[in-house]
Amino acid sequence: MTNTTLRVLSYNIYWGGHRQPLERTIEVIGESGAELVGIQENVNREYEDQTPEIAKALGFSYVRHAVLDALEEFGAKGNKLRARWTQQAGQSTLSRHPITAQSPGGSGIQVELPSREKVWMFNTHLWHYPYVPYQLLNVDFFAGEAIDPNA
Numbered sequence: 004m005t006n007t008t009l010r011v012l013s014y015n016i017y018w019g020g021h022r023q024p025l026e027r028t029i030e031v032i033g034e035s036g037a038e039l040v041g042i043q044e045n046v047n048r049e050y051e052d053q054t055p056e057i058a059k060a061l062g063f064s065y066v067r068h069a070v071l072d073a074l075e076e077f078g079a080k081g082n083k084l085r086a087r088w089t090q091q092a093g094q095s096t097l098s099r100h101p102i103t104a105q106s107p108g109g110s111g112i113q114v115e116l117p118s119r120e121k122v123w124m125f126n127t128h129l130w131h132y133p134y135v136p137y138q139l140l141n142v143d144f145f146a147g148e149a150i151d152p153n154a
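Just so you know, we're using my numbering here: the sequence shown kicks off at 4 and counts up by one.
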């Protein structure tokens with residue numbers, strides 16, 4: 004095995020860039036020098052996946068996570084809950100190197116480095132709820148069921 008340096012970036016672009024122009028998101032990724040990029044919340048307020056445009060601008064390949072395909076198939080635009088989930092869960096993984104395999108559901112990709120080594124990268128988006136500090140103060144956060152942190 005050779006000694007290889009690999010630059011990896013995990014980037015939550017917050018609702019597809021939210022109020023930031025997509026060009027700035029592309030610029031940040033490019034300036035980072037990352038070779039593998041896990042993007043979270045890649046769907047904008049119009050429910051459009053921003054990944055194809057980002058990947059094209061950077062010359063990267065990408066894999067969308069299966070949840071995007073499934074939600075689009077079932078019509079996320081027509082259902083507020085599904086639409087919200089699409090925006091929160093929308094993820095993709097981009098690679099400067101050839102993608103040689105992907106895990107079921109697309110959350111992990113295997114890439115081949117110039118050294119011919121193959122490595123896996125898995126992308127996840129941790130959920131912000133339940134938010135224990137709010138629960139300890141009895142703040143109603145999304146009117147969800149509280150979880151006892153001492154249980």
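Beta carbons are placed, not taken as given, at the ideal position from N, Cα and C, and that holds for glycine.
Because the structure is a prediction, the values reported are computed rather than measured.
For the beta strand (DSSP E) that contains residue i, what are its first and last residues?
| i | result |
| --- | --- |
| E115 | 111-115 |
| L25 | Not the beta strand (DSSP E): L25 falls in the alpha helix (DSSP H), residues 25-35. |
| L39 | 39-43 |
| L97 | 94-98 |
According to the neighbour-count rule (16 or more other Cβ atoms, all chains shown, within 10 Å of its Cβ), is residue i buried or exposed?
| i | result |
| --- | --- |
| S98 | buried |
| Q53 | buried |
| S118 | exposed |
| N15 | exposed |
| A104 | exposed |
| E38 | buried |
| T28 | buried |
Which residues in the same chain have their Cβ closer than 8 Å to the Cβ of residue i, if we skip the five residues on either side of it in sequence?
| i | result |
| --- | --- |
| P55 | Y65 |
| T7 | L116, S118, E120 |
Alpha carbons only, please: which of the options is nearest the one belonging to residue i?
| i | options | result |
| --- | --- | --- |
| L9 | V40, Y17, I29 | V40 |
| G111 | F63, P101, T127 | T127 |
| T33 | R48, Y50, L12 | Here residue 33 turns out to be Gly, not Thr, going by the sequence shown. Checking every option, the nearest Cα to that of G33 belongs to L12. |
| I42 | Y50, A58, V122 | A58 |
Hey, quick one: how far does the alpha helix (DSSP H) through residue i stretch, first residue to last?
| i | result |
| --- | --- |
| T7 | From DSSP, T7 is part of no alpha helix (DSSP H); its letter is neither H nor E. |
| I57 | 54-61 |
Would you say the beta carbon of residue i comes nearer than 7 Å to a heavy atom of the ligand SAH?
| i | result |
| --- | --- |
| P107 | You won't find the ligand SAH in this model; it holds no ligand whatsoever. |
Using a Cβ-Cβ cutoff of less than 7 Å, which residues in the same chain neighbour residue i once the five nearest sequence positions on both sides are dropped?
| i | result |
| --- | --- |
| G93 | E44, N45, V46, D52, L71 |
| R67 | D52, T54, S95, G109 |
Can you list, in chain order, the residues of its chain with a C-beta nearer than 6 Å to that of residue i? Leave out the 5 residues immediately preceding and following it.
| i | result |
| --- | --- |
| P101 | E115 |
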